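Numbering (UniProt numbering), first residue to last: 1 to 438. Comments concern the structure below.
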Amino acid sequence: MRPRRFLPAGPLKGRIRVPGDKSISHRSIMLGALAVGETRVTGLLEGEDVLATAAAMRAMGASVERLESGEWVINGVGVGALLQPGAPLDMGNSGTSTRLLMGLIASHPITATFTGDASLSKRPMGRVIDPLSDMGAIFEASEGGRLPLILKGASPAVPITYRLPVASAQVKSAILLAGLNTPGITTVIEPVPTRDHSERMLRGFGAELTVETDAEGARVISIRGEAELKPQTIEVPGDPSSAAFFIVAALVVPGSEVLIENVGLNPTRAGIVEVLRLMGGSIEEVNPREVGGEPVADLLVRHSALKGIDVDPAIVPSMVDEFPALFVAASLAEGVTTTTGLDELRVKESDRISVMAAALTAAGAAVRETEDGLVITGTGGQPLPGSQGAIATHLDHRIAMSMAIAGIASRSGVEVDDTRPIATSFPVFEAMLDELAA
């Protein structure tokens, strides 16, 4: 383990560029590996999760190489032409890699074994196994539908119409990716909208995909199988989930002013910005533009007096990964912030409701855990007292980064028990934070 005590900092000043969006990076590699020809990607997130996806696609026949310039070049094998991997696919800590690749492989005539680290091996895969089994794939999973598991793809797979029982972009994406090599029309009905990177990118690569709204307001997404994907040139925007930690840091540390460049502001992902603005946060969009079909802007964030609010549960899917950072902001706001409808947070890399409740309490915040959220009474802008011992982060990168931000906004600092998991999504986080504080 690599512990670190994050100490109170002076004002954060400067400009930064956060790494590329994790969701888009994963999908760039997967779809590039299924296109015939050369896909080129700039701004790819080079965290451990995305590198696990790259290794898996290499194991199934694609060429995925990083040039010295930092650009990535992917030479794909074509839809339907994935090769049998010669060894188990090690997914590390990445739930996205696991669930999306299960979908990709489910309609190919190959067998793959998925393994992962201790944290990933606790996460339920049943929500993906169920619809993919309906399409004809066969699974041998560990108890509770967990890793390690063996997946035998179906050839040909059977197109299905599947209504999502829970809002999950990963489940939606897994089914659509399986539909790529399934003859006929595969349809996903999404009662609550989730991030739509898969739909945008599948269309961009040439898949025949439609999105309509039914009489009840649900999104109906259909893809025509046995697709032919065309290689693309992709510029990955900055990850809003990574930017969230620095947005919160600049809002809560007095005197701060930070420009975060090139942040992806896809409306299905930008809920954190909306909620922090409702709390009184000064977040200005500079130079708004579109990059590769995704809205992007530079964000100028200034220290602000935040006020507690009741967070509308309808916004949860558009900021599901950013709640740990929001909880830190709430603990330093004036008044009470109430969050509900966060059941999904209990099955992330850790139970993020319970773990953040314990972590913030240890740092001196006033937090009450409920069945589906947290009720946080803020300090009114005063620094948190800080932690005595080390905060248990349970191998969860977002817990570690959130508590680092709590540390720089505290009186005596906050000790994080292990900073290593941060590398799964944001390898340069600590260096960037130190640079702004200096």
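Where is the CB? At the ideal position from N, CA and C, for every residue including glycine. This one's a predicted model, so the numbers in the text were calculated from it and none came from an experiment.
Would residue i and residue j be called neighbours here (beta carbons separated by less than 8 Å)?
{"i": "Phe429", "j": "Ile376", "result": "no"}
{"i": "Val77", "j": "Glu228", "result": "no"}
{"i": "Val263", "j": "Pro237", "result": "yes"}
{"i": "Ala431", "j": "Ile408", "result": "no"}
{"i": "Gly378", "j": "Gly335", "result": "yes"}
{"i": "Glu190", "j": "Leu164", "result": "yes"}
{"i": "Ile315", "j": "Gly373", "result": "no"}
{"i": "Val50", "j": "Leu44", "result": "yes"}
{"i": "Ser282", "j": "Ser304", "result": "yes"}
{"i": "Met403", "j": "Phe426", "result": "no"}
{"i": "Gly179", "j": "Ile223", "result": "yes"}
{"i": "Asp418", "j": "Arg2", "result": "yes"}
{"i": "Ile160", "j": "Thr194", "result": "no"}
{"i": "Thr268", "j": "Asp196", "result": "yes"}
{"i": "Leu360", "j": "Arg352", "result": "no"}
Do you know whose CA, among the options, lies nearest residue i's CA?
{"i": "Arg27", "options": "Val248, Glu199, Ala305, Ala392", "result": "Glu199"}
{"i": "Leu7", "options": "Leu120, Ile138, Gly413, Thr186", "result": "Gly413"}
{"i": "Leu276", "options": "Ser256, Pro288, Val252, Asp298", "result": "Val252"}
{"i": "Val158", "options": "Leu164, Pro124, Met201, Leu176", "result": "Leu176"}
{"i": "Ala329", "options": "Gln388, Pro254, Met135", "result": "Pro254"}
{"i": "Arg411", "options": "Phe426, Ala431, Gln382", "result": "Gln382"}
{"i": "Leu384", "options": "Ile405, Gly373, Arg398", "result": "Ile405"}
{"i": "residue 459", "options": "Ala362, Arg58, Met432, Thr379", "result": "In the structure as shown, the chain starts at 1 and stops at 438, and residue 459 therefore has no counterpart that could be examined."}
{"i": "Ala137", "options": "Ser119, Phe114, Gly103, Pro148", "result": "Gly103"}
{"i": "Asp298", "options": "Phe426, Leu259, Asp312", "result": "Leu259"}
{"i": "Pro19", "options": "Ala243, Val316, Thr419, Gly32", "result": "Ala243"}
{"i": "Glu261", "options": "Gly43, Arg15, Pro11", "result": "Arg15"}
{"i": "Glu38", "options": "Ala52, Arg66, Leu45", "result": "Arg66"}
{"i": "Ser331", "options": "Gly380, Leu300, Gly341, Arg302", "result": "Gly380"}
{"i": "Thr98", "options": "Glu349, Leu300, Ala218", "result": "Glu349"}
{"i": "Pro231", "options": "Ile160, Ala250, Phe205", "result": "Phe205"}
{"i": "Met91", "options": "Thr182, Gly116, Phe246, Ala423", "result": "Gly116"}
{"i": "Ala52", "options": "Met30, Leu34, Val41, Thr42", "result": "Met30"}
{"i": "Lys13", "options": "Ile247, Ala178, Ala423", "result": "Ile247"}
{"i": "Asp21", "options": "Met401, Ala400, Glu235", "result": "Glu235"}
{"i": "Ala249", "options": "Gly10, Pro3, Arg5, Arg2", "result": "Gly10"}
{"i": "Val64", "options": "Ala81, Gly86, Val41, Pro85", "result": "Val41"}
{"i": "Asn181", "options": "Leu34, Arg195, Lys307, Phe245", "result": "Leu34"}
{"i": "Arg17", "options": "Ser121, Ala106, Asp351, Ser241", "result": "Ser241"}
{"i": "Glu226", "options": "Asp239, Tyr162, Ser155, Gly217", "result": "Ser155"}
{"i": "Val220", "options": "Gly386, Val188, Glu285, Ala81", "result": "Val188"}
So, is residue i buried or exposed, given that buried needs 16 or more other C-beta atoms within 10 angstroms?
{"i": "Asp434", "result": "exposed"}
{"i": "Asp310", "result": "exposed"}
{"i": "Asn266", "result": "buried"}
{"i": "Asn287", "result": "exposed"}
{"i": "Glu48", "result": "buried"}
{"i": "Pro421", "result": "buried"}
{"i": "residue 476", "result": "Nothing in the structure corresponds to residue 476, since the chain is present only between 1 and 438."}
{"i": "Glu322", "result": "buried"}
{"i": "Leu83", "result": "exposed"}
{"i": "Val301", "result": "buried"}
{"i": "Thr142", "result": "Looking at the sequence shown, residue 142 is not Thr but Ser. With fewer than 16 other Cβ atoms within 10 Å, it is exposed."}
{"i": "Ala118", "result": "exposed"}
{"i": "Val355", "result": "buried"}
{"i": "Ala333", "result": "buried"}
{"i": "Glu140", "result": "exposed"}
Any idea what DSSP makes of residue i, helix, strand or coil?
{"i": "Ile110", "result": "coil"}
{"i": "Leu278", "result": "helix"}
{"i": "Arg123", "result": "coil"}
{"i": "Asp90", "result": "strand"}
{"i": "Ser143", "result": "Note that residue 143 is Glu in the sequence shown, not Ser. Residue state, collapsed to three classes: coil."}
{"i": "Ala366", "result": "strand"}
{"i": "Pro313", "result": "helix"}
{"i": "Ser242", "result": "helix"}
{"i": "Leu259", "result": "strand"}
{"i": "Lys348", "result": "coil"}
{"i": "Pro131", "result": "helix"}
{"i": "Ser63", "result": "strand"}
{"i": "Leu149", "result": "strand"}
{"i": "Ser412", "result": "coil"}
{"i": "Phe6", "result": "strand"}
{"i": "Ser168", "result": "coil"}
{"i": "Val79", "result": "coil"}
{"i": "residue 439", "result": "For residue 439 there is no data in the structure shown, the boundaries of the chain being 1 and 438."}
{"i": "Ile160", "result": "coil"}
{"i": "Glu216", "result": "coil"}
Is there a Cβ from chain B that is less than 8 Å from the Cβ of residue i?
{"i": "Val64", "result": "No chain B is present in this structure, which holds just one protein chain."}
May I ask you to verify whether the stretch 168–179 touches the stretch 120–129, counting CB pairs closer than 8 Å and requiring at least 3? When C-beta atoms of the stretch 168–179 are compared with those of the stretch 120–129, three or more pairs fall below 8 Å, so the two segments count as touching.
If you pair each beta-carbon of the stretch 106–123 with each one of the stretch 64–77, do three or more pairs fall below 8 Å? Contact check between the stretch 106–123 and the stretch 64–77: fewer than three CB pairs, one atom from each, fall below 8 Å, which does not count as touching.
The stretch 366–376 touching the stretch 138–155, judged by at least three CB pairs closer than 8 Å: At 8 Å Cβ cutoff, the stretches do not touch.
At least 3 beta-carbon pairs within less than 8 Å: the stretch 277–285 vs the stretch 51–71: Because the criterion of three Cβ pairs below 8 Å is not met, the stretch 277–285 and the stretch 51–71 do not touch.
Would you be able to state if there are at least three C-beta pairs under 8 Å between the stretch 207–223 and the stretch 388–395? The stretch 388–395 vs the stretch 207–223: no contact.
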